[in-house]
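Worksheet for the structure shown next.
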Ligand code: FES
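Put into structure tokens, the structure is as follows:
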């Protein structure tokens with residue numbers, strides 16, 4: 230392996246370590262069962278955590294979290310709806326984004342930021 234490759238790998242490792250340090254797991258429900266009671270399938274819900282507006286949704290029993298602000302003109306996606314393809318549809322101009330990846334489906338808008346979710350014996354968490 231060349232010195233240039235070694236340096237590139239070091240930079241990647243540092244970048245990954247930085248990202249890990251920046252992410253914080255916040256408990257949003259006491260358990261996954263509670264989350265399933267409080268979040269309704271196909272009805273997005275707004276979370277405000279550490280000054281970030283996040284849209285939390287369930288589609289086909291799976292939880293997803295994306296940034297709440299639409300990348301087209303900033304409308305709140307938690308006011309929108311989820312279609313049968315698992316896309317969140319903005320209520321303003323109907324632009325669509327994949328919940329699983331945040332990818333913009335039918336526009337030249339930027340993709341949405343996505344957030345990791347996890348649950349364990351101590352609660353249901355989001356990585357912010
Ligand atoms: S603000 Fe979301 S589609 Fe225009």
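Residue numbers (the working numbering): 230 to 357.
Virtual Cβ for every residue (Gly too), placed ideally from N, Cα, C.
Is the closest heavy atom of the ligand FES to the C-beta of residue i under 7 Å?
| i | result |
| --- | --- |
| residue 345 | no |
| residue 304 | yes |
Excluding the 5 residues flanking residue i on each side, which residues of the same chain have their C-beta closer than 7 Å to its C-beta?
| i | result |
| --- | --- |
| residue 275 | 282, 284, 297, 305 and 307 |
| residue 332 | 326 and 340 |
| residue 319 | 299, 301, 304, 306 and 309 |
How about residue i and residue j: do their beta carbons lie closer than 8 Å?
| i | j | result |
| --- | --- | --- |
| residue 264 | residue 292 | yes |
| residue 356 | residue 258 | no |
| residue 301 | residue 271 | no |
| residue 295 | residue 328 | yes |
| residue 344 | residue 335 | no |
Could you give the C-beta distance for residue i and residue j, rounded to a whole number, given that I count them as a contact under 8 Å?
| i | j | result |
| --- | --- | --- |
| residue 311 | residue 286 | 6 Å |
| residue 273 | residue 309 | 6 Å |
Can you tell me which residues form a DSSP beta bridge with residue i?
| i | result |
| --- | --- |
| residue 304 | Looking at the DSSP assignment, residue 304 forms no beta bridge with any residue, so it has no partner. |
| residue 274 | 285 |
| residue 257 | Residue 257 pairs with nothing; no bridge assigned. |
By Cβ distance, which residues of its chain are closer than 6 Å to residue i, with the 5 residues on each side in sequence left out?
| i | result |
| --- | --- |
| residue 261 | 348 and 353 |
| residue 237 | Any reading at residue 237 must be qualified, since the residue scores a pLDDT of 43, below 50, and its modelled position is unreliable; no value is offered. |
| residue 317 | 306, 309, 311, 326 and 328 |
Please go through the same chain and pick out, in chain order, the residues whose beta-carbon is closer than 8 Å to the beta-carbon of residue i, but skip the five residues on each side of it.
| i | result |
| --- | --- |
| residue 269 | 287 |
| residue 277 | 283 |
Counting contacts by CB-CB distance shorter than 8 Å, is residue i in contact with chain C?
| i | result |
| --- | --- |
| residue 265 | The structure shown contains no chain C; it is built from a single protein chain. |
Would the C-beta of residue i count as close to the ligand NAP, meaning under 7 Å from any of its heavy atoms?
| i | result |
| --- | --- |
| residue 312 | The ligand content of the structure shown is limited to the ligand FES, which means the ligand NAP is not among them. |
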